[in-house]
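Working notes, structure below.
In UniProt numbering, the protein residues as written are 1 to 329.
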């Protein structure tokens, strides 16, 4: 019998659940998932998914666990792939430590997280493992535990993170195998020699709309761009991200969704037919920690390193930090 690649997805929220579903339909892999807040619902009834792209259905993962250690105890160690779909909260926990029990000598770690500078903790903890960074361009929301609503588009862009030259081809083949499995199930995929311009491309929206929505107190992205004052703040913040990202990477952004400057970014937001509420806003409303370090703090540190002035980014970080500290006291 042909052995299938074993995949463990750590983080069973909207991104983890959606892509676990697509990947599980491939004949070449088996997929298990680690859930936290939605564990009971997913374990008992699976995911109820409504997707404009893929249709609707119920997805019952092969294995559903509360911790990585529980998955390893049940299924055995050393997965072929560990996909990290946890929130990136380095000020709260180390995501690399949370997956350690599932990582063997040949495990490829694939990051499905937002933000800038997310790769370093994994590269430091697992220096001998292949590490890939992936950027997801997708609209998906967990409306309540275990219930996902997905739009009409899904794109994954990925690339290896600093592979040793002698092993680069082997690691590239391993990454290609995984993303071919995604492609066979309708997910558009791109593998790039340098993924960072794509990460900065996504950050144009993430790094601006997320913190501004929190400060606005609950506005949707569309409401923000339809207010002239708020639209100005968004575009000024986006302009800083464009300059900083190009300085750090030495490259232009790929222009996904036609976003090539701040004006086209706010025009893109206006074109979205349904209200979009950012993940940072939802976290703040639920009094949860926000991804402010990877969204704001890490880029600010890079700005200091490269001599780029980012006053709006600094102001957004100061304000979101105060807001979070106010509700976590």
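By construction, the Cβ of each residue, glycine as well, lies at the ideal position given by its N, Cα and C atoms.
These figures come from a predicted structure and were not determined experimentally.
Practice item. Can you check DSSP and say which residues form a bridge with residue 334? Key: Residue 334 lies beyond the range of the chain shown here (1 to 329); nothing can be said about it.
**Study point:** DSSP state of residue 252 mapped onto helix, strand, coil
**Key:** Mapped onto the chain shown, residue 252 falls at position 252. Coil, per DSSP.
Practice item. Could you give the DSSP three-state label for residue 166: helix, strand or coil? Key: Here residue 166 is taken as the residue at index 166 of the chain shown, counted from 1. DSSP places residue 166 in the helix class (H, G or I) of the three-state scheme.
Exercise for review: Kindly confirm or deny that the stretch 104-113 and the stretch 129-142 touch, where touching means at least three C-beta pairs closer than 8 angstroms.
Suggested key: Contact holds: three or more Cβ-Cβ distances are below 8 angstroms.
Review point. To which residues of the same chain is residue 225 closer than 8 angstroms at the C-beta, ignoring the five residues directly before and after it?
Key: The residue labelled residue 225 in the question sits at position 225 within the chain shown. Within the same chain, Cβ atoms closer than 8 angstroms to the Cβ of residue 225 are found at 231, 234, 266, 269, 270, the five residues on either side in sequence being excluded.
Point to revise | Rounded straight-line distance, which links the Cα of residue 296 to that of residue 317 | key: For the purposes of this step, residue 317 is taken as residue 317 along the chain shown, with counting starting at 1. For the purposes of this step, residue 296 is taken as residue 296 along the chain shown, with counting starting at 1. About 6 angstroms.
Practice item. Could you tell me which of 176, 261, 150 sits nearest to residue 57, measuring between CA atoms? Key: Against the chain shown, residue 57 aligns to sequence position 57. Comparing Cα positions, the closest option is 150.
Review point. Can you name, in chain order, every residue of its own chain whose Cβ lies under 6 angstroms from the Cβ of residue 41, other than the five neighbours on each side?
Key: In the chain shown, residue 41 corresponds to position 41, counting from 1. Within the same chain, 145, 146 come within 6 angstroms of residue 41 by CB-CB distance, once the 5 residues on both sides are set aside.
Check your understanding: DSSP puts residue 157 in a beta bridge; with which residues?
Key -> The count along the chain shown starts at 1 and reaches residue 157 at position 157. According to DSSP, which records beta bridges pairwise, residue 157 is partnered with 135, 190.
Check your understanding: In the DSSP assignment, what are the bridge partners of residue 33?
Key -> The count along the chain shown starts at 1 and reaches residue 33 at position 33. According to DSSP, which records beta bridges pairwise, residue 33 is partnered with 9, 64.
Check your understanding: Helix, strand or coil: how does DSSP classify residue 1 here?
Key -> For the purposes of this step, residue 1 is taken as residue 1 along the chain shown, with counting starting at 1. Summary for residue 1: the model assigns pLDDT 39, below 50, so the residue's position carries little reliability; its value from the coordinates is reported in the next sentence. Residue 1: coil per DSSP, three-state reduction.
Check your understanding: Is residue 219 helix, strand or coil by DSSP?
Key -> Start at 1 with the first residue of the chain shown, and residue 219 comes out as number 219. DSSP places residue 219 in coil when its eight states are reduced to three.
Practice item. Give the straight-line distance between the Cα atoms of residue 139 and residue 259, rounded to the nearest whole angstrom. Key: Position 139 of the chain shown, counting from 1, holds the residue named residue 139. Position 259 of the chain shown, counting from 1, holds the residue named residue 259. Their backbone Cα atoms lie some 16 angstroms apart in a straight line.
Review point. Are the stretch 200-214 and the stretch 184-191 touching by the rule of at least three beta carbon pairs closer than 8 angstroms?
Key: Judged by Cβ distances under 8 angstroms, the stretch 200-214 makes no contact with the stretch 184-191, as fewer than three pairs qualify.
Review point. Does the count of Cβ pairs from the stretch 9-19 and the stretch 45-65 closer than 8 angstroms reach three?
Key: In this structure the stretch 9-19 lies against the stretch 45-65, because at least three pairs of beta carbons, one per stretch, are closer than 8 angstroms.
Check your understanding: From this set, 43, 217, 255, 257, which residue's C-alpha is nearest residue 280's C-alpha?
Key -> Along the chain shown, read from residue 1 onward, the residue named residue 280 stands at position 280. Among 43, 217, 255, 257, the Cα nearest to that of residue 280 is on 217.
Practice item. Please name the residue in 327, 291, 302, 312 whose C-alpha comes closest to that of residue 90. Key: As a first step, residue 90 must be located in the chain shown, where it is residue number 90. Closest option to residue 90, judged by alpha-carbon separation, among 327, 291, 302, 312: 291.
Exercise for review: Give the DSSP-derived three-state secondary structure of residue 245 in the structure shown.
Suggested key: Reading the chain shown from its first residue, position 245 is the one you call residue 245. In the structure shown, residue 245 sits in a helix (DSSP, three-state: H, G or I).
**Study point:** Coarse secondary structure for residue 290, derived from DSSP in three states
**Key:** Indexing the chain shown from 1 puts residue 290 at position 290. Residue state, collapsed to three classes: coil.
Review point. Expressed to the nearest angstrom, what Euclidean distance is found between the alpha-carbon atoms of residue 386 and residue 221?
Key: What is shown of the chain runs 1 to 329, which leaves residue 386 out entirely.
**Study point:** Sheet register partners of residue 108 (DSSP bridge)
**Key:** As a first step, residue 108 is located in the chain shown; it is residue number 108 there, counting from the start. Beta-bridge pairing by DSSP links residue 108 to 81.
Check your understanding: Alpha carbon to alpha carbon, what distance is there between residue 246 and residue 44?
Key -> By 1-based counting over the chain shown, the position of residue 44 is 44. By 1-based counting over the chain shown, the position of residue 246 is 246. So the alpha carbons of these two residues sit roughly 46 angstroms apart.
Check your understanding: Hey, would you say residue 298 sits closer than 7 angstroms to residue 116, going by beta carbons?
Key -> Within the chain shown, numbered from 1, the residue matching residue 298 stands at position 298. Within the chain shown, numbered from 1, the residue matching residue 116 stands at position 116. Result yes, Cβ atoms of residue 298 and residue 116 sit closer than 7 angstroms.
**Study point:** residue 55 - partner residues in DSSP beta bridges
**Key:** Stepping through the chain shown from its first residue, residue 55 is reached at position 55. Beta-bridge pairing links residue 55 to 51.
Exercise for review: Could you check which residue in 46, 33, 257 has the C-alpha nearest to that of residue 69?
Suggested key: Stepping through the chain shown from its first residue, residue 69 is reached at position 69. Nearest C-alpha to residue 69: 33.
Point to revise | Distance between residue 75 and residue 285 (C-alpha atoms, nearest Å) | key: As a working note, residue 285 is residue 285 in the chain shown. As a working note, residue 75 is residue 75 in the chain shown. In this structure, the straight-line span from the alpha carbon of residue 285 to that of residue 75 is close to 37 angstroms.
Review point. Do residue 127 and residue 171 have their C-beta atoms within less than 7 angstroms of each other?
Key: Taking the chain shown and counting its residues from 1, the one referred to as residue 127 is at position 127. Taking the chain shown and counting its residues from 1, the one referred to as residue 171 is at position 171. With respect to residue 171, residue 127 sits apart: the two C-beta atoms are not nearer than 7 angstroms.
Review point. Leaving out five residues before and five after residue 11 in sequence, what residues of the same chain have Cβ atoms less than 6 angstroms from its Cβ?
Key: In the chain shown, the residue the question calls residue 11 occupies position 11. Answer for residue 11: 85, 86, listed in chain order.
Review point. Given residue 190, which residues of its chain have a CB within under 6 angstroms of its CB, disregarding the five upstream and five downstream residues?
Key: By one-based count along the chain shown, residue 190 stands at place 190. In the same chain as residue 190, and ignoring 5 residues on each side of it, the C-beta atoms closer than 6 angstroms to its own belong to 157, in chain order.
**Study point:** Opening and closing residue of the alpha helix (DSSP H) in which residue 126 lies
**Key:** Locating residue 126 in the chain shown gives position 126, where the first residue counts as 1. If you look at residue 126, you'll find it isn't in any alpha helix (DSSP H); DSSP assigns it neither H nor E.
**Study point:** residue 152 in three-state terms, based on DSSP
**Key:** Residue numbering aside, residue 152 sits at position 152 when the chain shown is read from its first letter. In the three-state DSSP reduction, residue 152 falls in the strand class (E or B).
Practice item. Report the residue from 94, 101, 103 whose alpha carbon sits nearest the alpha carbon of residue 120. Key: Against the chain shown, residue 120 aligns to sequence position 120. Shortest Cα-Cα distance from residue 120 to any of 94, 101, 103 involves 94.
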